[in-house]
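Asks: Got a structure for you, questions after.
Residue numbers (the numbering used here): 158 to 679.
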């Protein structure tokens with residue numbers, strides 16, 4: 158909803174057609190309005206628009222004149238948002254609010270860690286640690302069964318609770334003595350209570366959506382049950398055993414492919430490293446900082462939460478540090494910390510197969526601490542010895558898909574400024590998109606495509622050697638450049654882009670701003 162600075166009264170202009178195409182490709186629908194911008198000279202224009210994803214949920218929309226302060230009409234929309242009814246659920250929680258913190262700290266300081274220190278295996282140490290910590294909290298904050306019947310009510314105030322008590326007293330009085338006077342008194346108390354609840358809910362909603370970012374607004378609406386369901390129910394056609402089998406099945410690697418992979422790695426030139434990698438002991442201060450830096454509150458299969466660790470961290474930190482160092486120098490990862498609760502999340506709107514889900518693994522909290530210690534030492538070693546490509550964006554601090562995309566778009570912009578054409582080829586490796594691109598003048602475009610074909614042949618050889626599936630049908634070839642530059646390209650004389658014997662076609666022309674894209678031209 159807003160001013161898009163494009164006149165939609167006529168759909169024949171280039172800007173209006175382009176905007177309508179973007180709206181349609183985004184799965185949105187335009188609600189009809191009269192012209193919203195009134196000119197003193199010339200015809201009125203329709204600049205302010207309302208876009209929705211589901212028009213059936215729109216109860217009403219329209220516009221109002223605002224002659225006193227704007228040439229634009231004020232547009233409005235009333236949307237039907239009915240939060241779903243919350244189903245009762247049973248939770249098992251520890252009540253930390255009523256813990257005697259002083260007594261908890263005293264008991265934590267008296268824990269005997271000697272059996273843990275003298276245990277000979279990492280799994281025995283983990284079992285002893287979990288037992289000691291669990292027994293401590295079973296004494297001070299035992300697990301209780303809680304039945305949640307309704308969602309939290311942050312709008313509830315002391316005044317509303319007092320009004321509810323007055324309403325309930327009036328109702329009980331009416332039941333004992335059914336007179337008209339008592340009935341009127343109950344209705345007055347009930348109506349006043351209902352009005353206070355409605356006003357409090359409105360204030361709570363306005364406070365959370367008035368000065369919040371779009372991300373915070375959607376997060377708040379999610380607490381009301383509005384929007385996409387975070388954890389939707391599984392369809393009846395898919396069972397938990399099917400998902401478990403799908404997530405736990407390890408792809409079978411061809412023996413020849415494995416042998417070729419190992420031979421290829423053995424044939425690589427060894428980097429010149431003065432000191433080989435080995436784990437260094439971690440200090441308690443470092444482990445403590447890592448524990449406090451992890452904000453996840455998820456509880457793994459050991460039933461030990463972050464709150465249970467941080468509350469008595471000063472007393473149990475030496476034991477945790479000992480476990481981490483023992484794991485590093487024994488070269489063993491605790492078997493319990495390798496187990497995870499798996500939550501399936503759908504990749505598409507209507508999943509029907511196990512492949513339509515991706516797993517979210519909930520690991521024990523302390524397993525993240527050990528992983529962070531290993532990651533820190535490995536990362537320092539790799540970056541100190543320059544063992545990672547400067548063009549790699551994944552698994553590097555300060556780099557991501559965004560940084561990789563910024564580099565590509567930056568190179569494309571540079572090519573546009575230098576009146577060059579960028580050839581972009583997107584290669585589909587089992588649904589993970591990868592790409593190659595080259596820049597050239599119009600006269601050197603044929604040579605650049607030939608070089609691109611050589612690169613694609615090298616990729617095909619590499620993928621065949623390591624058994625990676627490539628789908629030529631999903632590969633795309635794109636020419637990107639300024640309109641004047643691309644108008645000078647003779648598409649009929651260009652050589653074809655070929656991958657695995659299949660021609661990757663160019664396509665029809667699409668204009669986006671000052672950049673012309675040609676994708677799949679026959």
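Ideal Cβ placement from N, Cα and C applies to all residues, glycine included.
Note that the coordinates shown come from a computational prediction; the quantities given were computed from them, not determined experimentally.
Considering only their Cβ atoms, is the gap separating residue 472 from residue 268 smaller than 8 Å?
Replies: Mapped onto the chain shown, residue 268 falls at position 111. Mapped onto the chain shown, residue 472 falls at position 315. Cβ distance < 8 Å, so residue 268 and residue 472 count as in contact.
Asks: The alpha helix (DSSP H) spanning residue 294 covers which residue range?
Replies: Start at 1 with the first residue of the chain shown, and residue 294 comes out as number 137. Residue 294 -> alpha helix (DSSP H) spans 279 to 297.
Asks: Mind pulling the alpha helix (DSSP H) runs of 4 or more residues that sit fully within the region 503 to 544?
Replies: Runs of the alpha helix (DSSP H) inside the region 503 to 544: 522 to 541.
Asks: If we require 4 or more residues per run, which alpha helix (DSSP H) segments fall completely within the region 286 to 369?
Replies: Listed in chain order, the complete alpha helix (DSSP H) runs (minimum 4 residues) inside the region 286 to 369 are 315 to 333, 337 to 366.
Asks: Residue 261 and residue 297: beta carbons closer than 8 Å?
Replies: Position 104 of the chain shown, counted from the start, is the residue given in the question as residue 261. Position 140 of the chain shown, counted from the start, is the residue given in the question as residue 297. Closer than 8 Å, so yes.
Asks: When you compare the CB positions of residue 523 and residue 497, do they come within less than 8 Å of one another, or not?
Replies: Working through the chain shown from its first residue, we reach residue 523 at position 366. Working through the chain shown from its first residue, we reach residue 497 at position 340. Result no, Cβ atoms of residue 523 and residue 497 do not sit closer than 8 Å.
Asks: Quick check on DSSP: helix, strand or coil for residue 158?
Replies: Stepping through the chain shown from its first residue, residue 158 is reached at position 1. Coil, per DSSP.
Asks: Is it right to say residue 450 is buried, meaning 16 or more other beta carbons lie within 10 angstroms of its own, or is it exposed?
Replies: Here residue 450 refers to the residue found at position 293 of the chain shown. Label assigned to residue 450: exposed.
Asks: Using the three-state DSSP reduction, which class does residue 565 fall into: helix, strand or coil?
Replies: Position 408 of the chain shown holds residue 565. Correct three-state label for residue 565: helix.
Asks: Would you report the Cα separation of residue 424 and residue 434, rounded to the nearest angstrom?
Replies: What you label residue 424 is simply residue 267 of the chain shown in a count that begins at 1. What you label residue 434 is simply residue 277 of the chain shown in a count that begins at 1. Going from the Cα of residue 424 to the Cα of residue 434 covers about 20 Å.
Asks: Starting from the C-beta of residue 502, find all residues in its chain whose C-beta is less than 7 Å away, skip the five residues before and the five after it, and write them out in chain order.
Replies: Here residue 502 corresponds to residue number 345 of the chain shown, with the count starting at 1. Correct list, in chain order: 514, 515, 517.
Asks: Drop a sphere of 10 angstroms on the beta-carbon of residue 319, count the other beta-carbons inside from all chains shown, and report buried for 16 or more, exposed for fewer.
Replies: Within the chain shown, numbered from 1, the residue matching residue 319 stands at position 162. So residue 319 counts as exposed.
Asks: Would you kindly work out how many angstroms separate the C-alpha atoms of residue 305 and residue 329, rounded to a whole number?
Replies: The residue labelled residue 305 in the question sits at position 148 within the chain shown. The residue labelled residue 329 in the question sits at position 172 within the chain shown. Their backbone Cα atoms lie some 27 Å apart in a straight line.
Asks: Rounded to a whole number of angstroms, what is the C-alpha to C-alpha distance between residue 241 and residue 377?
Replies: Counting from one through the chain shown, the residue named residue 241 turns up at place 84. Counting from one through the chain shown, the residue named residue 377 turns up at place 220. Near 15 Å, if we compare the C-alpha coordinates of residue 377 and residue 241.
Asks: When we look at the beta-carbon of residue 614 and count the other beta-carbons within 10 Å, is it buried (16 or more) or exposed?
Replies: Looking up residue 614 in the chain shown gives position 457. So residue 614 counts as exposed.
Asks: Should residue 343 be labelled buried (16 or more other beta-carbon atoms within 10 Å of its own) or exposed?
Replies: What you label residue 343 is simply residue 186 of the chain shown in a count that begins at 1. Answer is buried; the Cβ neighbour count reaches 16.
Asks: Taking three-plus beta-carbon pairs below 8 Å as touching, is the region 279 to 295 in contact with the region 224 to 240?
Replies: No, the region 279 to 295 is not in contact with the region 224 to 240.
Asks: Please look up how many angstroms separate the CB atoms of residue 511 and residue 395, rounded, as I've assumed it's under 8 Å.
Replies: Your numbering for residue 511 matches position 354 in the chain shown. Your numbering for residue 395 matches position 238 in the chain shown. Residue 511 to residue 395, Cβ: 6 Å. Contact.
Asks: From this set, 575, 548, 573, which residue's C-alpha is nearest residue 564's C-alpha?
Replies: Translated into positions along the chain shown, residue 564 becomes position 407. Measuring from the Cα of residue 564, the nearest candidate turns out to be 548.
Asks: Which residue comes first and which comes last in the beta strand (DSSP E) that contains residue 185?
Replies: The count along the chain shown starts at 1 and reaches residue 185 at position 28. It is not in any beta strand (DSSP E) - residue 185 carries neither H nor E in the DSSP assignment.
Asks: Along the chain, where does the beta strand (DSSP E) containing residue 654 start, and where does it finish?
Replies: Against the chain shown, residue 654 aligns to sequence position 497. Residues 654 to 656.
Asks: Can you tell me the Cα-Cα spacing of residue 160 and residue 172, whole angstroms?
Replies: Here the question's residue 160 lines up with position 3 in the chain shown. Here the question's residue 172 lines up with position 15 in the chain shown. Distance between the alpha carbons of residue 160 and residue 172: 14 Å.
Asks: Whole angstroms are fine: how far does the CA of residue 185 sit from the CA of residue 608?
Replies: Residue numbering aside, residue 608 sits at position 451 when the chain shown is read from its first letter. Residue numbering aside, residue 185 sits at position 28 when the chain shown is read from its first letter. Answer to the nearest angstrom: the Cα atoms are 41 Å apart.
Asks: Within 10 Å of its beta-carbon, does residue 682 have 16 or more other beta-carbons around it, so buried, or fewer, so exposed?
Replies: Given that the chain is displayed from residue 158 to residue 679, the structure contains no residue 682 and the question cannot be resolved.
Asks: Give the C-beta separation of residue 475 and residue 441 to the nearest angstrom, bearing in mind that I take them to be a contact with Cβ-Cβ under 8 Å.
Replies: As a working note, residue 475 is residue 318 in the chain shown. As a working note, residue 441 is residue 284 in the chain shown. The pair is a contact, with the Cβ atoms about 6 Å apart (cut-off 8 Å).
Asks: Please confirm whether residue 248 and residue 220 have their CB atoms less than 8 Å apart.
Replies: Locating residue 248 in the chain shown gives position 91, counting from the first residue. Locating residue 220 in the chain shown gives position 63, counting from the first residue. Cβ atoms of residue 248 and residue 220: not closer than 8 Å.
Asks: Expressed to the nearest angstrom, what Euclidean distance is found between the alpha-carbon atoms of residue 610 and residue 570?
Replies: One-based indexing of the chain shown puts residue 610 at position 453. One-based indexing of the chain shown puts residue 570 at position 413. Computed Cα separation, rounded: 23 Å.
Asks: Can you tell me which residues form a DSSP beta bridge with residue 500?
Replies: To locate residue 500, count along the chain shown from 1; it is residue 343. According to DSSP, residue 500 bridges with 517.
Asks: From which residue to which residue does the alpha helix (DSSP H) around residue 407 run?
Replies: In the chain shown, the residue the question calls residue 407 occupies position 250. Per DSSP, residue 407 belongs to no alpha helix (DSSP H) and is neither H nor E.
Asks: Exposed or buried, which one is residue 179 when buried takes at least 16 other CB atoms within 10 Å?
Replies: Position 22 of the chain shown, counted from the first residue, corresponds to residue 179. Residue 179 should be labelled exposed.
Asks: Would you give the residue range spanned by the alpha helix (DSSP H) that residue 260 belongs to?
Replies: The residue given as residue 260 occupies position 103 in the chain shown. That run of the alpha helix (DSSP H) goes 258 to 266.
Asks: Could you name the residues of the same chain whose beta carbon sits closer than 6 Å to that of residue 529, not counting the 5 residues immediately before and after it, in chain order?
Replies: Taking the chain shown and counting its residues from 1, one reaches residue 529 at position 372. Same-chain partners within the cutoff: 447.
Asks: Exposed or buried, which one is residue 462 when buried takes at least 16 other CB atoms within 10 Å?
Replies: Start at 1 with the first residue of the chain shown, and residue 462 comes out as number 305. Result: buried.
Asks: If distances are taken between C-alpha atoms only, which option among 274, 272, 432 comes closest to residue 538?
Replies: One-based indexing of the chain shown puts residue 538 at position 381. Out of 274, 272, 432, 432 has the C-alpha closest to the C-alpha of residue 538.
Asks: Cutting at 7 Å between CB atoms, please list the residues of its own chain near residue 187, excluding the five before and the five after it.
Replies: In the chain shown, counting from the first residue as 1, residue 187 sits at position 30. Contacts found: 180, 206, 208.
Asks: Where residue 239 and residue 355 are concerned, what is the direct C-alpha to C-alpha distance, given to the nearest angstrom?
Replies: In the chain shown, the residue the question calls residue 239 occupies position 82. In the chain shown, the residue the question calls residue 355 occupies position 198. Taking the straight line joining both Cα atoms gives about 15 Å.
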